[in-house]
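One gets this note's numbering by counting positions in the sequence shown from 1 and adding 5 to each. We treat Cβ as the ideally placed atom computed from N, Cα and C, and that holds for glycine.
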Amino acid sequence: MRRLLDAALAVMREGGTASRARVADIVAAAGLSNEAFYRYFPSKDALVDALLEDGAARLRSYLAHQMDKERTPEAKVRRFVVGVLSQADDDIARTTLAVLYNASGGGAGQALGRHFASGPLATLLHDPFAALGAARPRLAASFAAHAVLGSLSDHLWQRTRPGRDEVDHLVACCLAVAQGTARARGPRPRRAAAAR
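1) Go ahead and pull the three-state DSSP assignment for A3.
2) Kindly indicate which residue of A26, L129 and S147 has the alpha-carbon position closest to the one of L106.
3) Would L161 and L68 be called neighbours here (beta carbons separated by less than 8 Å)?
4) What number of angstroms, rounded off, separates the C-alpha of S48 from the C-alpha of A127?
5) Can you give me the C-alpha to C-alpha distance between L37 and E19, rounded to a whole angstrom?
6) Roughly how many angstroms separate the alpha carbons of D11 and A140, rounded to a whole number?
7) Taking K81 as the reference, give the member of F134, D50, I97 and D96 with the closest Cα.
8) Output yes or no for whether 8 Å exceeds the beta carbon distance between P167 and A93.
9) Pick out whichever of M6, L9, V53 and S66 has its Cα sitting closest to the Cα of L102.
10) If you reduce the DSSP assignment to three classes, tell me which class F46 lands in.
11) Which word fits R84, buried or exposed, when buried means at least 16 other C-beta atoms lie within 10 angstroms of its C-beta?
12) Can you list, in chain order, the residues of its chain with a C-beta nearer than 7 Å to that of A122? Leave out the 5 residues immediately preceding and following it.
13) Hey, V16 and A34: beta-carbon distance below 8 Å or not?
14) Please work out which residues of its chain come closer than 8 Å, Cβ to Cβ, to L180, disregarding the five sequence neighbours upstream and downstream, and give them in chain order.
15) Can you find the residues in the same chain that come closer than 6 Å, C-beta to C-beta, to A146, ignoring five residues on each side of it along the sequence?
16) What number of angstroms, rounded off, separates the C-alpha of L90 from the C-alpha of V172?
17) Would you kindly work out how many angstroms separate the C-alpha atoms of T22 and T165, rounded to a whole number?
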């Protein structure tokens, strides 16, 4: 499976956003057969999903390591934002774009639905947001992760990099979300009663 994932990543990186990888290209690069491919993945979309999950896990591990270097929740939030936006650097961005281009419907460069890494990455902000006094740290962390990943997506598709001012602004916004939810401790919305 690892050989197929590595081969797919290499083929997609080479094709960039100009051509989509074919299963035949991937198995040839891996030195495997179509039968081996379909033993692990029911379709190319399933392989792309696996690549996205693998990338999200690697990014999460990297961010956790960077955040662990800091003592204050504010510094941890800054490390999170800087780490996510560092994915807009040239080589990483090209690889990420190539994988996204090969995802179903992702070739047009438009954000479709939930970002593939938002859930796993948001969990990294739970503790810092709780330490900052957020009344609902999970909700605040989810909101902040979506904002930072949305900014990253914009930079990826526009092939730009965020400047220092944008990084500082996003950090300030994330901290304001955490601290704002601490001040806005109004009643939680009620869940609708189940239909009988």
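With the structure as the only source:
1) The question about residue 3 has no answer, for the chain in this structure spans 6 to 201.
2) It is worth fixing the name first, because residue 106 is Tyr in this sequence and not Leu. The shortest Cα separation from Y106 among A26, L129 and S147 belongs to A26.
3) no
4) 29 Å
5) 19 Å
6) 42 Å
7) F134
8) yes
9) V53
10) coil
11) buried
12) A61, L64 and L154
13) yes
14) E79, V82 and L137
15) A127, L130, H131 and F134
16) 8 Å
17) 16 Å
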